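Here's the structure we're looking at; comments come further down.
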Amino acid sequence: MKAIILVGGFGTRLRPLTLTYPKPLVEFANKPMIQHQIEALAAAGVTHIVLAVNYRPEIMAEALKSYEEMYDVKIDFSVETEPLGTAGPLKLAEGILGKDDSPFFVLNADVTCEYPFKRLAEFHKAHGDEGTIVVTKVEEPSKYGVVVHKPNHPSRIDRFVEKPVEFVGNRINAGIYILNPSVLRRIELRPTSIEQETFPAMVKDGQLHSFDLEGFWMDVGQPKDFISGTCLYLSSLSRMGSKLLTPVTEPYVHQGNVLIDPSAKIGKGCRIGPNVTIGPNVVIGDGVRLQRCVVLKNSKIKDHAWIKSTIVGWNCTVGKWARLENVTVLGDDVSIGDEVYVNGGSVLPHKSIKQNIDTPSVIM
Amino acid sequence: MSLQLPSLAVRPRGGVSHSTKAVILVGGPSRGTRFRPLSMELPKPLFPVAGHPIIEHCFRAIAKVPEIKEVFIVGYYDESVFQPFIHSISTTFPQLSVKYLREYQALGTAGGLYHFRDVILKGKPDRFFVLNADVCCSFPLNEMLKLYDDKDAEAVMLGTRVTNESATNFGCIVSDAHTKRVLHYVEKPESHISNLINCGVYLFSTETIFPAIRSAIKRRTERPRILNYPSSENLQSSFFQGDDEDEDKENAVIRLEQDVLADIADSRQFFVLETKDFWRQIKTAGSAVPANALYLLKAFQSGAEELAAPSANIIPPVYIHPSAHVDPTAKLGPNVSIGPRAVIGAGVRIKESIVLDDAEVKHDACVLYTIVGWSSKIGAWARVEGTPTPITSHSTSIIKNGHKVQSITILGKECAVGDEVRVQNCVCLPYKELKRDVANEVIM
């Protein structure tokens, strides 16, 4: 089987992290986002993956080479010279996606969930039509495009309603699809949207079905959602009884959902959790309080610091008694002074912060 | 004291040695509004800074002048308010006789002195100091005495330089740069006159001051005072301006600064000693924090043994009451005073703050630019902070989001801050529990 991952551009929404690494390589729960997806695809029997990008950093090529070996898959870049929207990249990769008659997966790089590729493929084959899109239930459908089914049919899609004013359903497009190669014939090589053009055409022909996603779903394209998505992912690991999580019997673990790389060091008298990930070689001092936060590799959190709803980027130092909160994001190699308070600061790489940041702002 | 001999030689009035007394003006309870919420528990002069009541710092300076044997505290607090303090200070300085003189109505700073003139003049002292209790400075009384003797003065006031912008909030002095004589004195002028201002510390000849007050009283009864009152914005940092303007209009009040000093400047041997040392008023409750810092620094520079010894976790100057318990992993200072029986937990950070009696700060909490009230509790990993203000600023308020807020965070008596809660630039009245983050508020 084959798959295409729509990576797109520079990931500006996830700055300042993406000023240092391309978005697919930013670690989500201690593993690059793209690696979660490649791993899940490979496990579902995918052997050839296309990465649709409109730039091709060297560092990504290197990383993907190692994933090819690790998961025994072939990974190709498909580089757009101009942005082709969400459908155009599929046409651009027609040579790979259409090389045989088997269906291919399409996924947006920003989406995290319990990837249901195997069952999705089975479901798709069972109904025999051209395409299946994964849908997820949301609380406020009025903010999204909602999927409406044919009367008396559980999965065949009747229409899409963009931002419905009245309740028509609560299932939305989750950004994960499985399509037959015949769909490629419906797409022209130009900037075009799969949601706006390709899917409505398939719906007209009764060729598009929906598949209900179980468990969590999150678009982690921006820091606030990256943190929320991390919480959902950790909760999901916890529900599955994953051995990856640090056992709650550790004295410093508070309310669980804590993922700590084995190479990280934790000081005395800390209270960590719920919903914390700590990357490789991180050093946490004594009496540190962490909750709902992400600490990326090689960072150092000094004694008595307090961190909540924050992403601490790579190689950062957070001073003693510092307090970070309210979607603070530290870029690579940022240093926060002792006793400094940061409220919703987005701090660009290599900055040293010595004074309080009282209100949410970007520190250039 | 051999040091005193030259002055005796210079000015041997009638061949007898000098007799000098001191008067400390403490005001009364109605003036305590700007010291809220701390004045709800304790009169301002008794509030501890650098481990000692504000008024005790006056006494420490007075005790360094050997010829002073008698000190009067003049104010309109109830008699009982100062009795415990007078008892303890008389033990500390047995050479001093200390009496509280209670005004039964607010008479103004000069009116109060005049009312008690018989008591002050008993024993025929030829001069006396007047200290405002809400002044925080090094009180260079011996230097004032020397200037008095050198110049054969009738009055000496202590002056200090401030920024031109803040000068008009104070009494401004124009002096002869060479002779130090006061040429002109005006209280809170509207325009710039001088940046040398009145510190609220005086040395008066008894033969000069009482007649001057008497003529001010006479003038008042003949022709009521016409005054420019300062605008309300200026009230914040004005020096002697109390909260009793209404009482003042009842006419019985005679003030040194407004009614007497300008006249002495016109006609008498009136000199100013300009101090280069620190000076600060203690008006608002928040101003106790800079005052605490200044008195601690003074104690540290003079090698006071009561201060905590500097170490990795003690950044001097720090005062810790012997009955307080501070965990060795807590990091304190600079400019921190910890009161009796206070408990400071492991990994706590305290800087630029006063922690009052019986307060508790739990582990890993951070307390900056704050006054922690009596028996208040701060939870683990809480952060309670004010905002540093420039050293030259004589104000304790700052503008945040277009609103004026207190730069120092103050927790009244028995307040509680929950674990991990953040409190910034807040004034919290007594007995409140803060369970959520708050900033820039007065919590009723």
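Protein sequence lines, in the order shown, are assigned to chains A and B.
For the first sequence, position 210 (counting from the first letter as 1) is numbered 210 according to UniProt numbering, and the numbering increases by one without interruption.
For the second sequence, position 215 (counting from the first letter as 1) is numbered 215 according to UniProt numbering, and the numbering increases by one without interruption.
Cβ atoms here follow ideal geometry from the backbone N, Cα and C, with glycine treated the same way.
Predicted, not measured: the structure shown is a model, and the values here were computed from it.
Query                                                                                                                              : Result
C-beta atoms of Ile-209 (chain B) and Gly-171 (chain B) nearer than 8 Å                                                            : no
Secondary structure, beta strand (DSSP E): runs of 3+ residues fully inside the segment 241–293 of chain A                         : 258–260 and 276–278
Close-in-space but distant-in-sequence residues of the same chain around Ile-350 (chain B) (CB under 6 Å, 5 per side omitted)      : Leu-332, Val-336 and Val-367
Cβ of Gly-347 (chain B) within 8 Å of any chain A Cβ                                                                               : yes
Contacting residues, own chain, Cβ-Cβ under 8 Å from Ser-142 (chain A) (five flanking each side not counted)                       : Lys-163, Pro-164 and Val-165
At least three beta-carbon pairs within less than 8 Å, the segment 105–113 of chain A to the segment 172–183 of chain A            : yes
Alpha-carbon to alpha-carbon, Ser-287 (chain B) and Ala-50 (chain B)                                                               : 13 Å
Thr-20 (chain A), DSSP secondary structure in three states                                                                         : coil
Interface positions of the segment 301–319 of chain A facing chain B (Cβ-Cβ less than 7 Å), listed along the chain                 : Asp-303, His-304 and Trp-306
Per-residue burial, Met-202 (chain A) [other beta carbons within 10 Å of its own, 16 or more giving buried]                        : buried
Residues near Gly-8 (chain A) by beta carbon distance below 8 Å, same chain, minus five either side                                : Ala-52, Val-53, Asn-54, Pro-83 and Ala-109
Status (buried if at least 16 other CB within 10 Å, exposed otherwise) for Leu-6 (chain A)                                         : buried
Neighbourhood of Ile-217 (chain B) by C-beta distance below 8 Å, restricted to the same chain and skipping five residues each side : Gly-111, Tyr-114 and Ile-254
Helix, strand or coil at Leu-84 (chain A) according to DSSP, with G and I counted as helix                                         : coil
Backbone secondary structure at Arg-268 (chain B) - three-state DSSP                                                               : coil
Beta-carbon proximity list for Val-421 (chain B), same chain, < 7 Å, skipping 5 on both sides                                      : Gly-379, Ala-382, Leu-434, Lys-435, Arg-436 and Asp-437
Bounding residues of the beta strand (DSSP E) (the contiguous stretch that carries Tyr-70 (chain A))                               : The residue asked about is misnamed: residue 70 (chain A) is Met in this sequence, not Tyr. Met-70 (chain A) -> not in any beta strand (DSSP E); alpha helix (DSSP H) instead, spanning 58–71.
Residue span of the alpha helix (DSSP H) that contains Leu-107 (chain B), given as start and end                                   : Taken as a continuous stretch (DSSP letters only), Leu-107 (chain B) belongs to no alpha helix (DSSP H), as it is neither H nor E.
Buried or exposed (CB count within 10 angstroms, at least 16 for buried), Arg-159 (chain A)                                        : exposed
Proximity below 8 Å, CB of Thr-81 (chain A) to CB of Phe-211 (chain A)                                                             : no
Buried versus exposed, by CB contacts within 10 Å (16 or more), Met-218 (chain A)                                                  : buried
DSSP three-state assignment for Gln-83 (chain B), whether helix, strand or coil                                                    : helix
Buried/exposed call for Gln-258 (chain B), threshold 16 Cβ in 10 Å                                                                 : buried
Where Cys-231 (chain A) falls: helix, strand or coil (DSSP)                                                                        : helix
When A:Thr-328, A:Val-138, A:Val-288 and A:Ala-264 are compared against Ser-299 (chain A), the one with the closest alpha-carbon   : A:Ala-264
Nearest candidate by alpha-carbon position, reference Ser-353 (chain B), set B:Ser-175, B:Pro-317, B:Asp-327 and B:Glu-414         : B:Pro-317
Three-state secondary structure (DSSP) of Ser-238 (chain B)                                                                        : Any answer about Ser-238 (chain B) is weak, because its pLDDT of 39 lies below 50 and its placement is not dependable; what the coordinates show is given next. Three-state result, Ser-238 (chain B): coil.
Option in B:Ala-63, B:Gln-83 and B:Ser-80 with minimal Cα separation from Pro-94 (chain B)                                         : B:Ala-63
Glu-420 (chain B) at chain A interface by Cβ criterion, 8 Å                                                                        : yes
Where the alpha helix (DSSP H) through Arg-323 (chain A) begins and ends                                                           : No alpha helix (DSSP H) contains Arg-323 (chain A), which is instead part of the beta strand (DSSP E) from 323–325.
Alpha-carbon to alpha-carbon, Met-60 (chain A) and Thr-18 (chain A)                                                                : 13 Å
Stretch pair the segment 69–77 of chain B + the segment 97–109 of chain B: three plus CB contacts closer than 8 Å                  : yes
Beta carbon proximity, Glu-339 (chain A) to chain B, threshold 8 Å                                                                 : yes
Closer than 7 Å at the beta carbon, the chain A residues around Leu-368 (chain B)                                                  : Glu-339
Cβ pair Phe-104 (chain A), Lys-23 (chain A) closer than 8 Å                                                                        : no
Contacts that His-325 (chain B) makes with chain A (C-beta to C-beta distance below 9 Å)                                           : Those within 9 Å of His-325 (chain B) in chain A number zero; the least Cβ separation is about 18 Å.
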